[in-house]
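Peer 1:
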Amino acid sequence: MEANTMKKINNCSLMIVLIVLIITSCKENFFEHFPPGQISDNTLEGAKGAETVLTGAYSALSGFQVSAFNSMEIGTDNRLFGSIAADDGYAGSHIGDRPKVWTHELYQVLPTNVCEEYRWKYVYDGVSRANDALKLINEAENNGELSAEKAKKMKAEARFIRGWLHYNQKIVFKYIPYITLNLENPVSDMPYTKAEMENPSKVPNMTSEDNEIDTWRLIEGDIKYAVDNLPEKQEEIGRVDKYAAEVLLARVFLMQGKYAEVKPLLIDIIENSGAELVEHFYWNYDIVHNNNKESLFEIQSFTNSNGIATQNSFNTGLGVMPRKLGGWGLYQISLQTVNAFQVNEQGLPLENWDKHPFKHSYGILSTEEFHPSEELVDPRLDWTVGRRGIPFLGWGIHIGSGYVRDPAFGGVFNSKKHMFSFEENGKERPSTMYSGSSTQNIRKFRLGHVYLWMAEVETNEGNFESARWYINKLRERASNHVVMGKCYSYEFNDDLDPNVNWDEPAANYKIGLYRTEDFNTKDKAWRAIQIETFLETAAEGLRFFDLRRWEEHGNFNFSMVEWMNNYIENDWKQYRPFLKEAQAFFDEEDKYFPIPQRAVDDQPGIIKQNPNFR
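Pasting the structure below:
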């Protein structure tokens, strides 16, 4: 995506229309179009109407349209399904808050869970918008109001959105209908009849024998069209371009283990997109570096002209903000994540790091004495995790349990990747903005991800030196900046300022590069890639799906079920003992989530439940 201008698609007039589209497209039926009498074809017709509806479809990229507070639970950033359900995140807050989220930590999710219902509903709402845009684009082209070239580009944008949203449903639910309205179908041999395609409520999510429909090839078809017809660079930031489509298509192939198809896409991105690693690891998460040179696919956080959040602004303020700073303390970081950042004397990840608990302040009041660990850690730890005794993005020193709403439930670590800094508050994030939202974008895919995936591809082909190069480039970048501010106060009281030397690193940081002998077999290379992926992408909503695809397609000995149950056991032994009584356990059926019961009830015989949840 273009990154050298701050021009955005959410100018005032466009955003007024976008907000109207969001508000009026909340639907009772999962597959309705814009409600009659509110947004109609004669209100939005011609080239202008097509452009307006397409812009409205962009707001659906995030996967939620009701409220910013749904973002953690249902959005396509996948904090719930990709991190809380994995080993890198917790629900956070307190034990009585959002049990619908917490059940995903216990792997006790029922088809009646409202998170699954909202995810299904609002992502398919976005699909409806993409299809409505395609309908209007075709009409405007046929009427001569849009040139063939302009129409092709707009259709590529709409089909990217449609493919992206179906991809997100596929990785969560597995058994999904692919809704096209028989418009710009992704393949010529669609697995549905014409009558089914033209009536979304008749499109099945399984075959008549209750088998999975191959909707992966339909996702591929839409994204391939986007790759072939989007420009290499858009004039407006926020609009997807060829390289956004290529990185998404690479991810789609990666989820299926199609490494041969992944490689040429990644090579083209590396050689021709112009993307570069940013100098500072954390620049991929702060507000001031939105749309930076590393970003390839970035979902924009929209606000209106006076700084008040729209429904498409993300819940990175009040919800994720620690209790001490006035927030709710949602979405906390796991001890497993923190353990992963421990390193040896060479600055490489510890062997058996998951069995080596990092020193933490669980069960210790902020007013009680606690000395943070002096062990060596990867510098990315303190750009990813808020922990006791370490500066917290300019808001002061993190004081441990006093920062957290319910330490016994959510532990004592906070997310930094989803939090704006003190300096950004009131600047890049307007002070008039509603406190539940932020102008922080979701940098969904970036060059750092491409390097990780390229390392996987090269390892599968036996090119270990090439794989090592990509991993070491990320580690070199991670060494560029460390958190500064060594705290020499070990008890925290509100009336006393902590003693901090701001010219000294906050912890003992060390990061080394892999040597040839560390990376000369497939087993060594895969283990290095797995941990590097964790360190580079923790808390980004990717972890659950990476663990699953590594078992299915990783070409090395790995069991997701075994890994997750070891994590659960480590968590209650090392950190949160209540998990044992809660009987958390991960099974084969937990690799996908149940189809919402409401969808099954609303479309009997058409939408059927995942066999593992019947």
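One point on numbering: in my numbering, the residue at position 227 of the sequence shown is 545, and numbering is uninterrupted. Heads up, the beta-carbon is just placed ideally off N, CA and C, and yes, glycines get one too. On a predicted model such as this, the values are computed, not experimentally measured, just so you know.
#1: Can you find the residues in the same chain that come closer than 6 Å, C-beta to C-beta, to LYS828, ignoring five residues on each side of it along the sequence?
#2: Is TRP713 buried or exposed, if buried means 16 or more other CB atoms sit within 10 Å of its CB?
#3: So, at 7 Å on beta carbons, what are the nonlocal neighbours of VAL545 in its own chain, with the 5 sequence-adjacent residues on each side left out?
#4: Along the chain, where does the alpha helix (DSSP H) containing TRP534 start, and where does it finish?
#5: Would the beta-carbon of TYR493 fall within 9 Å of that of ILE531?
#6: Is the beta carbon of TRP844 closer than 9 Å to that of THR777?
#7: I need the straight-line Cα distance from ASP443 to TYR910, nearest angstrom please.
#8: Quick one: residues in its chain with C-beta nearer than 6 Å to the C-beta of ARG698, no 5 flanking neighbours on either side, listed in chain order?
#9: Among the residues of its own chain, which have a CB less than 7 Å from the CB of SER411, if the five just before and after it don't count?
#10: Counting only the same chain and skipping the five closest in sequence on each side, list residues whose C-beta sits under 7 Å from that of ALA474.
#11: Could you tell me the alpha carbon to alpha carbon distance between LEU339 and THR373, rounded to whole angstroms?
#12: Taking the CB atoms as reference points, tell me whether GLU502 and ALA476 lie closer together than 9 Å.
#13: Expressed to the nearest angstrom, what Euclidean distance is found between the alpha-carbon atoms of GLY556 and GLU887?
#14: Can you tell which of VAL596, ALA824 and MET737 has the C-alpha that lies nearest to the C-alpha of LYS804?
#15: Rounding to the nearest angstrom, what Cα-Cα distance links MET772 and GLU858 in this structure?
#16: Quick one: which unbroken beta strand (DSSP E) runs of 3-plus residues sit fully inside the region 762-829? Chain order, please.
#17: Write down the C-beta distance between VAL371 and ALA451 rounded to the nearest angstrom, noting that I regard them as a contact closer than 8 Å.
#18: If you run the structure through DSSP and keep just helix, strand and coil, what is VAL730?
#19: Going by CA-CA distance only, name the one from TRP890, ASP415 and ASP905 that's closest to GLN654.
#20: Can you find the residues in the same chain that come closer than 6 Å, C-beta to C-beta, to PHE478, ignoring five residues on each side of it along the sequence?
#21: Based on the DSSP output, what are the partners of LEU666 in its beta bridges?
#22: Going by beta-carbon coordinates alone, are ASN608 and THR757 separated by less than 9 Å?
#23: So is GLN901 buried or exposed if we call it buried at 16+ other beta carbons inside 10 Å?
#24: If we ignore side chains and look at the alpha-carbon of each, how far apart do VAL878 and ASP841 end up?
#25: Which partner residues does HIS369 have in the DSSP bridge list?
#26: Which ranges would you report for the beta strand (DSSP E) in the region 485-535 if only whole runs of at least 3 residues count?
#27: Tell me where the beta strand (DSSP E) around GLN650 begins and ends.
#28: Quick one: residues in its chain with C-beta nearer than 6 Å to the C-beta of SER679, no 5 flanking neighbours on either side, listed in chain order?
#29: Would VAL801 and ILE925 qualify as a contact pair, given that the criterion is a beta-carbon distance under 9 Å?
#30: Could you tell me which of LEU483, LYS439 and LEU362 sits nearest to ASP540, measuring between CA atoms?
Peer 2: The short version:
#1: Reading the sequence shown from its first residue, position 510 is the one you call residue 828. Excluding residues within five positions, the ones whose Cβ falls inside 6 Å are VAL661, GLY665 and LEU694.
#2: Within the sequence shown, numbered from 1, the residue matching residue 713 stands at position 395. Buried, because 16 or more other Cβ atoms sit within 10 Å of the Cβ of TRP713.
#3: As a position in the sequence shown, residue 545 is number 227, starting the count at 1. Closer than 7 Å at the Cβ level, and outside the excluded window around VAL545, lie LYS560, ALA563, GLU564 and LEU567.
#4: Numbered from 1 along the sequence shown, position 216 holds the residue referred to as residue 534. Looking at the DSSP string, the run of the alpha helix (DSSP H) that includes TRP534 is 534-547.
#5: Numbered from its first residue, the sequence shown carries residue 493 at position 175. Numbered from its first residue, the sequence shown carries residue 531 at position 213. Yes, these two residues count as a Cβ contact at 9 Å.
#6: Residue numbering aside, residue 777 sits at position 459 when the sequence shown is read from its first letter. Residue numbering aside, residue 844 sits at position 526 when the sequence shown is read from its first letter. The answer is yes: Cβ separation under 9 Å.
#7: The residue given as residue 443 occupies position 125 in the sequence shown. The residue given as residue 910 occupies position 592 in the sequence shown. Their backbone Cα atoms lie some 21 Å apart in a straight line.
#8: Position 380 of the sequence shown, counted from the start, is the residue given in the question as residue 698. Leaving aside the five residues that flank ARG698 on each side, the residues in its chain whose CB is nearer than 6 Å to its CB run, in chain order, PHE599, ALA796 and LEU853.
#9: Here residue 411 refers to the residue found at position 93 of the sequence shown. Spatial neighbours of SER411 in its own chain (CB-CB distance under 7 Å, excluding positions within 5 residues in sequence) are listed in chain order as TRP646, GLY647, LEU648, ARG723, ASP724 and GLY728.
#10: In the sequence shown, counting from the first residue as 1, residue 474 sits at position 156. Spatial neighbours of ALA474 in its own chain (CB-CB distance under 7 Å, excluding positions within 5 residues in sequence) are listed in chain order as TYR543, ALA544, ASN547 and LEU548.
#11: To locate residue 339, count along the sequence shown from 1; it is residue 21. To locate residue 373, count along the sequence shown from 1; it is residue 55. Unreliable positioning characterises LEU339 in this predicted model, as indicated by a pLDDT of 39, which lies under 50. A coordinate reading is not provided.
#12: Along the sequence shown, one-based indexing puts residue 502 at 184. Along the sequence shown, one-based indexing puts residue 476 at 158. With contacts defined as CB atoms closer than 9 Å, GLU502 and ALA476 qualify as a contacting pair.
#13: If you number the sequence shown from 1, residue 556 lands on position 238. If you number the sequence shown from 1, residue 887 lands on position 569. One C-alpha to the other measures close to 43 Å.
#14: Taking the first residue of the sequence shown as position 1, residue 804 is located at position 486. Comparing Cα positions, the closest option is ALA824.
#15: For this step, residue 772 is matched to residue 454 along the sequence shown. For this step, residue 858 is matched to residue 540 along the sequence shown. Using only the alpha carbons, I get a separation of about 19 Å.
#16: Taking only runs of at least 3 residues, the beta strand (DSSP E) segments lying wholly in the region 762-829 are 802-805 and 818-823.
#17: Taking the sequence shown and counting its residues from 1, the one referred to as residue 371 is at position 53. Taking the sequence shown and counting its residues from 1, the one referred to as residue 451 is at position 133. About 5 Å; that satisfies the 8 Å criterion.
#18: Here residue 730 is taken as the residue at index 412 of the sequence shown, counted from 1. DSSP, reduced to helix, strand and coil, places VAL730 outside both helices and strands of the structure shown, so it counts as coil.
#19: Residue mapping note: residue 654 aligns to position 336 of the sequence shown, counting from 1. Selected option, being the one with the closest Cα: TRP890.
#20: Working through the sequence shown from its first residue, we reach residue 478 at position 160. Closer than 6 Å at Cβ, skipping near neighbours: ALA544, VAL558 and ALA563.
#21: For the purposes of this step, residue 666 is taken as residue 348 along the sequence shown, with counting starting at 1. Under the DSSP definition of a beta bridge, LEU666 lacks any partner.
#22: In the sequence shown, counting from the first residue as 1, residue 608 sits at position 290. In the sequence shown, counting from the first residue as 1, residue 757 sits at position 439. Note that the C-beta distance between ASN608 and THR757 is below 9 Å.
#23: Position 583 of the sequence shown, counted from the first residue, corresponds to residue 901. The C-beta of GLN901 has fewer than 16 other C-beta atoms within 10 Å across all chains shown, which makes the residue exposed.
#24: Reading the sequence shown from its first residue, position 560 is the one you call residue 878. Reading the sequence shown from its first residue, position 523 is the one you call residue 841. The sequence as given places Met at residue 878; Val does not occur at that position. Rounded to the nearest angstrom, the two C-alpha atoms are 17 Å apart.
#25: Taking the sequence shown and counting its residues from 1, one reaches residue 369 at position 51. Here the sequence assigns Glu to residue 369, which means His is not the residue at that position. In DSSP, GLU369 forms no bridge with anything.
#26: Here no run is fully enclosed.
#27: Here residue 650 is taken as the residue at index 332 of the sequence shown, counted from 1. Element bounds for GLN650: 648-651.
#28: Here residue 679 is taken as the residue at index 361 of the sequence shown, counted from 1. These residues qualify, in order along the chain: PHE688, ARG706, GLY718 and VAL730.
#29: On the sequence shown, residue 801 is found 483 positions in, with the first residue counted as 1. On the sequence shown, residue 925 is found 607 positions in, with the first residue counted as 1. The answer is no: Cβ separation not under 9 Å.
#30: Position 222 of the sequence shown, counted from the first residue, corresponds to residue 540. It is LEU483 whose Cα lies nearest to the Cα of ASP540.
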